[in-house]
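Residues in the sequence shown are numbered from 1 upward in steps of one, following full-length UniProt numbering.
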Amino acid sequence: MIDPAVEQMLREDPASYVIPAEVVANVTATNTLEHALMVLSKVGYSRVPVLDPDDRLQGMISLAAITDRLLHVPGAAVDQLSRYTVADAMLPVDHWVDDPAKLETILNYMIDEPFVPLVNEDGIFQGIITRREILKRVNYLAHNLNEQYNVTPKKQPES
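Structural data, given as structure tokens:
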């Protein structure tokens, strides 16, 4: 459990650490892998969300998944990627949240994930919470804790 004082400071403005869906690069399951590779290369991310036409989160596509698919194609030529869709290589969404205030869950997911998708109760993609944005909040906490709290060490038991 996160200490309440720490959680309060980290959650001061949950919307501030959510990158909205409108600015998050994504692809659809029907896009070609060639298109997905271009999107990933252009944005510089290692993976992006896969959305359906109604903006519901369907999965993730990563450079590693595209490369893995390519290695199973005879000839393994990049021009073969136009023959396959994102659906042929996309990964399932293992971790997501429906509320950016679920800080403990987000922090646990961020141990292994560079970002956590945010979806609403209908599964509509709302944006992502990145490790970078959370670390900015942790940095804020580290530099401002004494501005809001009097932090004193507990007495050490005498030996």
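Here a beta-carbon is modelled for each residue, glycine too, at the ideal position from N, C-alpha and C.
When the Cα atoms are used, Asn120 and Leu40 turn out to be separated by approximately 25 Å.
Counting along the chain, Arg69 sits inside no beta strand (DSSP E); it lies in the alpha helix (DSSP H) bounded by residues Leu63 to Leu71.
The Cβ-Cβ distance between Asp88 and Leu37 does not fall below 8 Å. Within the DSSP bridge table, the entry for Pro117 names Ile128 as partners. Considering only Pro117, Pro157 and Gln80, the residue with the shortest C-alpha distance to Asp55 is Pro117. When the alpha-carbon of Arg137 is set against those of Met1, Glu12 and Leu71, the nearest one is in Glu12. Around the CB of Met90, 16 or more other CB atoms lie within 10 Å, so the residue is classed as buried. Secondary structure at Val27: strand, using DSSP grouped into helix, strand and coil. The shortest C-alpha to C-alpha distance from Arg69 to any of Tyr149, Val86 and Thr28 is the one to Val86. Around the beta carbon of Gln58, 16 or more other beta carbons sit within 10 angstroms, so the residue counts as buried.
Val27 sits away from Val43, with the two beta carbons spaced by 8 Å or more. Counting only the Cα atoms, Lys102 lies some 15 Å from Ala5.
Counting along the chain, the unbroken beta strand (DSSP E) around Pro49 starts and ends at Arg47 to Leu51. Per DSSP, Ile106 lies in no beta strand (DSSP E); the unbroken alpha helix (DSSP H) holding it starts and ends at Leu103 to Met110.
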